[in-house]
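In UniProt numbering, the protein residues as written are 1 to 137.
Shown next, in the form of C-alpha cells:
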C-alpha cells in the first residue's frame with residue numbers, strides 16, 4: 001500500500017497558505033473597526049480571540065483525529081487487541097512481529113493515520129467554508 005502522507009502534506013500546505021492569507025486581512029478588519037484611541041485594546045482582543053480560536057480548533061481537530069485514527073487502527077489490528085495506551089507499546093509490539101506481518105501492520109498504521117488526517121482536514125475545511133459564508137452574510 002502506498003503512504004497517505006502526500007495527501008496530508010497537501011492539506012497542511014492549503015491550511016498554512018489560507019491562514020497566511022487570512023491573518024492580515026482579519027487583523028486589518030478588526031483594527032479598522034476600533035477607534036484609534038482604543039487601538040491597544042483592539043489589538044489585545046484580536047490576539048486573544050485568535051489564540052483562543054486556535055486552541056479550541058486544535059483541541060477539536062485533535063479529538064477528531066484521535067477518534068478516527070483509533071477506529072481505523074482497531075479495524076487494522078482487530079477488536080480487543082489495542083492496549084490501554086497504544087503509544088506505549090505499539091513500537092515494541094511491532095518489533096516483535098515476524099517480518100511479513102510487521103510490514104503489513106506498519107502499513108496499516110500509516111494508512112489509518114493518513115485516513116484520520118484526511119477526515120480531520122476535510123472537516124476543518126468544511127467548517128472553514130461555513131464560517132466564511134456566515135462571515136460574508
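For glycine and all other residues, C-beta sits at the position ideal for the given N, C-alpha and C.
Contact between the stretch 96-115 and the stretch 56-64 is not established, with fewer than three Cβ pairs separated by less than 8 Å. When secondary structure is reduced to three states using DSSP, residue 8 falls in the helix class. If you draw a straight line from the Cα of residue 68 to the Cα of residue 110, it comes to about 13 Å.
Residue 77 sits in a helix when the DSSP states are folded into three classes.
Residues 114 and 118 of the same chain have their beta carbon placed closer than 7 Å to that of residue 7, with the five preceding and five following residues left out of the count.
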